[in-house]
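Working notes, structure below.
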Amino acid sequence: MTKTQTEIQLEKLEISNEVIKAMRHMGFETLTPIQEKCIPYMMQGTDVIAVAPTGTGKTIAYGIPLLEYVNLNDDRVQEVILAPTRELAQQIAAEIKLLAKYIPAIRMAIIYGGQPIARQISALKRRPQILIATPGRLLDHMGRGNINLSNVHTLVLDEADEMLKMGFVADVSRIIEATNSSRELVMFSATTNQDVMTMSWKYQHSPVEVSVEAVGESKPDIKQYIIASGHGNKFDHLMYLLDSNQYSKSMVFCNTKFMTDNLTKRIKNLGFNAECLHGDMRQSARNAVMTDFRKGRFELLIATDVMARGIDVEDVDAVFNYDLPDKNEFYIHRIGRTGRAHKSGCSFSFVTGLNDEIRMGEILKYIDAKPTRLAFDEFGVLRYEENQEPFFDKY
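Plus 1 on top of the position in the sequence shown (first one is 1) and you've got this note's numbering.
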């Protein structure tokens with residue numbers, strides 16, 4: 002059997018056959034830039050600050066070294082991954098599980114708020130070597146005496162910038178301080194903000210900074226469109242796009258729970274198979290919605306920004322910004338739900354009035370992009386603003 006580029010690269014790093022076999026099973030042909038840069042440093046035990054956008058393969062970049070570090074004869078917690086949200090924690094756990102497919106002795110537990118604590122206590126009694134957790138629930142278990150971090154070899158902060166921005170600075174500091182000072186500390190971040198750099202200065206030892214941009218194969222293939230629309234006809238314009246039958250699986254983003262619920266009801270009343278997702282829903286309900294969406298049991302998911310980062314579905318064709326996001330980085334998180342796994346996707350942002358034009362201008366300056374502008378004519382046909390040709394004839 003011909004070896005893939007990934008297998009050749011990993012063999013040079015003396016990665017175990019079990020992990021290499023799992024990478025082949027997962028369909029990897031070659032390492033992404035962030036994986037190629039991070040894995041050697043982590044295998045040396047070096048502290049790392051890795052700056053990489055979503056979709057560049059960061060979970061594999063730290064997942065491979067973590068599996069290599071684990072002592073299967075030691076039943077203490079050895080590797081910890083901290084994530085800002087339960088959705089991201091679940092996503093990380095699923096990927097690490099695939100990576101550990103051929104290491105049956107590996108025990109892993111996922112700890113996050115919103116899940117019955119008794120179930121998590123049962124998982125901890127099985128003595129996991131790898132722990133994936135959100136900060137608040139991890140501290141809860143530490144306070145109850147259910148988790149001891151003194152034997153941790155590597156602590157990974159995934160989406161460190163978002164986690165610290167969400168107000169977890171004190172929690173993360175307490176967790177780091179509960180580990181041995183000789184442990185390896187690795188931080189993955191989309192940006193290097195002040196909180197990230199302060200955390201690095203305080204807790205890392207001679208860290209190496211690794212940075213990659215979303216270019217080439219790691220850059221999502223997303224066509225971005227802006228649609229001029231009035232407040233009174235924005236819903237009709239959304240329906241025009243959904244009725245086009247161009248998109249088999251789509252997401253619509255709103256800024257509030259109320260708008261998410263209201264829009265979902267209106268869309269379902271028109272016969273669409275749609276569900277909503279927002280932070281006020283019970284965790285069990287959110288899990289059920291995401292499972293059904295991944296399995297294709299409905300084609301349209303309406304969500305708030307709280308959900309944007311934790312949603313990892315490979316076959317989303319289109320993202321609709323029904324409301325423009327309040328923060329520039331949320332735009333990236335939203336449209337990043339499409340164009341995944343080397344597939345193409347598209348995003349549509351509705352602009353209604355002067356305030357939206359100003360907000361959209363700020364977003365475009367932030368992302369340094371020039372999306373194509375569209376507008377509806379007097380006959381209700383969506384056209385390219387520049388040349389007035391019908392949109393769907395060209396798409």
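Heads up, the beta-carbon is just placed ideally off N, CA and C, and yes, glycines get one too.
Given residue i as reference, the closest of the options once Cα atoms are compared
i      : options                           : result
Ile336 : Leu365, Ile65 and Met200          : Leu365
Phe380 : His232, Pro372, Pro391 and Lys371 : Pro391
Glu300 : Ala289, Ser285, Thr257 and Asp318 : Asp318
Val314 : Met361, Thr155, Lys250 and Met44  : Lys250
Leu14  : Asp327, Tyr332, Gln36 and Pro326  : Gln36
Ser350 : Phe294, Tyr323 and Thr257         : Tyr323
Arg287 : Val213, Gln91 and Glu363          : Gln91
Ile50  : Met282, Gly233 and Glu210         : Glu210
Ile61  : Pro105, Asn270, Leu32 and Pro372  : Leu32
Ser230 : Lys269, Thr353 and Thr7           : Thr353
His334 : Gln79, Leu89, Gln6 and Glu69      : Leu89
Lys102 : Ser17, Cys277 and Glu363          : Ser17
Residue i versus residue j - alpha carbon distance
i      : j      : result
Asp76  : Leu83  : 20 Å
Ile133 : Asp357 : 39 Å
Pro117 : Ala95  : 19 Å
Gly146 : Phe29  : 40 Å
Phe377 : Leu242 : 11 Å
Asn388 : Arg374 : 10 Å
Asn329 : Met198 : 21 Å
Thr180 : Tyr226 : 47 Å
Leu67  : Asp316 : 29 Å
Residue i classed as buried or exposed, judged by whether at least 16 other C-beta atoms fall within 10 angstroms
i      : result
Leu158 : buried
Phe259 : exposed
Ser182 : exposed
Arg138 : buried
Tyr42  : buried
Thr192 : exposed
Leu73  : exposed
Val216 : At Val216 the pLDDT is 46, less than 50, meaning the model places this residue with poor confidence; the figure from the coordinates comes in the next sentence. Exposed: under 16 other Cβ atoms inside 10 Å.
Phe169 : buried
Thr265 : buried
Arg298 : exposed
Residue i in three-state terms, based on DSSP
i      : result
Met24  : helix
Gln79  : coil
Pro105 : coil
Gln112 : Position check: residue 112 holds Ile in this sequence, whereas Gln was assumed. It is a strand residue.
Asn18  : helix
Gly346 : strand
Val157 : strand
Phe377 : strand
Asp141 : helix
Cys39  : helix
Beta-bridge partners of residue i, as assigned by DSSP
i      : result
Gly46  : DSSP, once it has assigned bridges, lists no residue as partnering Gly46.
Pro391 : Arg384
Ser201 : None; Ser201 has no bridge partner.
Ile228 : Phe351 and Leu375
is_contact[residue i, chain E] using C-beta, thresh 7 Å
i      : result
Val314 : Within the model displayed, chain E is absent; a lone protein chain is all it includes.
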